[in-house]
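Its first residue numbered 1, the sequence shown is counted upward by one per residue in the UniProt record's numbering.
Quick reminder that beta carbons are idealized off the backbone N, C-alpha and C, glycines included.
Just so we're clear, the structure is a prediction, and the values are computed from it rather than from any experiment.
Written below as structure tokens is the structure these notes are about.
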Amino acid sequence: MPRINMCNIHATSPSTLNNNSAQILLRALYLKVMATRSRLMEKTPHPEPRQVSPIEAFAMDSKAKSLLSDVLLLPATHGSILSGRNRMNALGWNYLCITLTADIDLLEIASGRDGLGAASAALVRVVEWSQSTSARRAVLHAAQVFDILDSSRIRESHLTRPDLVLFVSALVISQYVLVCNHNNAPLGGPTFELLQDIDWAKIRDEGLGAVTGFLLPSPPLEHQRAPAMSNTAQSFLQKGGPISFGGEFQKFGHIAARRMARKFAHLMDGFGKWDGCSYSRLLRAMCGFVGEDDGEY
1 MPRINMCNIH
11 ATSPSTLNNN
21 SAQILLRALY
31 LKVMATRSRL
41 MEKTPHPEPR
51 QVSPIEAFAM
61 DSKAKSLLSD
71 VLLLPATHGS
81 ILSGRNRMNA
91 LGWNYLCITL
101 TADIDLLEIA
111 SGRDGLGAAS
121 AALVRVVEWS
131 QSTSARRAVL
141 HAAQVFDILD
151 SSRIRESHLT
161 RPDLVLFVSA
171 LVISQYVLVC
181 NHNNAPLGGP
191 TFELLQDIDW
201 AKIRDEGLGA
211 VTGFLLPSPP
221 LEHQRAPAMS
231 NTAQSFLQKG
241 GPISFGGEFQ
251 KFGHIAARRM
261 ARKFAHLMDG
271 FGKWDGCSYS
281 RLLRAMCGFV
291 GEDDGEY
């Protein structure tokens, strides 16, 4: 097995990485992200409001910046380990990016984990998050998770259980759909299909809120020459707009959020050994919670 320099992983040639070493690399990145997140939370005084997304807190820490670069540049420097048959690696990388672009703890509270009072207060911050580019990037990664698990027979993950990954992805998309408003979308904008292949090598650090464009070195010349709006995913990240999921146009509001959660719950039902697990029950409970008010935009 090739040696990987975790202080400079991009110096490791992609051709030298086999599936086992790629999994070890993703595990190491995941553990480093979790350790950094824990360290930053301990540093931040509790009364102080947190940033819209975790990645903004990471970007303010000198030790964490290189870690962000390692994660975000992986599709460009080691794209082969995330493409083709390497669906499990792609699943792990997308989950890793979700943890950077969405405050999962906040979304769980907004879904009723700590009661209705806490949920109402958390929803105020979820609305703020939903208007950010980092929220839209989290939605893209969550949709990729659904697509990977729907189109493959992956039922194991070397980072964490796939039912947890699917639950977190459902949380991200359903909360986004719940609080978004068509009035915030650009007039006449095209509908963006969430379940499509995304060229993450071109996306790079797009959709990271206030730190977009400040984390990574300048892109290659061929990417600089391409118009910024030529990529529909980039356009969605920058401006938002109406969305579709599997070709079905998605309205915003409680009914739409409940339907979205049910799509994920239905997919989880086919997981076999995970069927009836705690995350499956939580997802079905969430379907009812977000559907208490039948308002829809």
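Leaving out five residues on either side along the sequence, give the residues of the same chain with a beta carbon under 7 Å from the beta carbon of residue i.
i, result
"L164", "Y279"
"L283", "F167, A170, A261, F264, A265, M268"
"Y176", "S130, A135, V139"
"V126", "L106, L107, A110, Q175, V179"
"L29", "D70, V71, L96"
"V145", "L91, N94, Y95, V165, L166, S169"
"P75", "L82, W200, A201"
Which residues does DSSP list as the beta-bridge partners of residue i?
i, result
"I243", "F192, Q250"
If I measure Cβ to Cβ from residue i and keep anything under 6 Å in the same chain, skipping five residues before and after, which residues do I get?
i, result
"A285", "none"
"L194", "A143, I243, F245"
"A118", "I109"
"A226", "Residue placement at A226 cannot be trusted, given a pLDDT of 46 that sits under 50; what the coordinates show is reported in the next sentence. Around A226: no qualifying Cβ."
"L17", "I81"
"L123", "A110"
"I24", "none"
If you compare alpha carbons, which of the options is closest to residue i?
i, options, result
"M88", "A143, S152, I173", "S152"
"D105", "S69, S38, L72", "S38"
"E248", "K202, G207, T191, T212", "T191"
"N236", "L74, R258, F252, G207", "First, the amino acid is wrong: residue 236 is Phe here, not Asn. When each option's Cα is compared against that of F236, the closest is G207."
"residue 301", "G189, L73, P162", "Nothing about residue 301 can be read from this structure; the chain reaches only from 1 to 297."
"D147", "L91, G270, Q23", "L91"
"G253", "F271, P75, I173, W200", "I173"
"K239", "R137, I24, M34", "R137"
"G189", "T160, P162, W200, G241", "G241"
"H141", "G79, R27, D199, M34", "D199"
"G79", "K251, T160, N19, Q250", "N19"
When we look at the beta-carbon of residue i and count the other beta-carbons within 10 Å, is it buried (16 or more) or exposed?
i, result
"L116", "exposed"
"residue 315", "Past the boundaries of the shown model lies residue 315; the chain is included only from 1 to 297, so the question cannot be answered."
"R85", "exposed"
"D205", "buried"
"D103", "buried"
"L31", "exposed"
"D70", "buried"
"A233", "buried"
"R281", "exposed"
"N94", "buried"
"A257", "buried"
"R259", "buried"
Can you name, in chain order, every residue of its own chain whose Cβ lies under 8 Å from the Cβ of residue i, other than the five neighbours on each side?
i, result
"T36", "F58, D61, K63, A64, L67"
"I55", "L68, L100, T101, S134, L208, G209, V211"
"S83", "A90"
"S53", "L100, T101, A102, D103, W129, S132, S134, A135, A138, L208, G209"
Mind checking whether the beta-carbon of residue i lies closer than 7 Å to any heavy atom of the ligand MN?
i, result
"N94", "No copy of the ligand MN appears in this structure; indeed no ligand is present at all."
For this session: Report yes or no: do the stretch 125 to 133 and the stretch 169 to 182 share at least 3 C-beta pairs separated by less than 8 Å?
Result: yes
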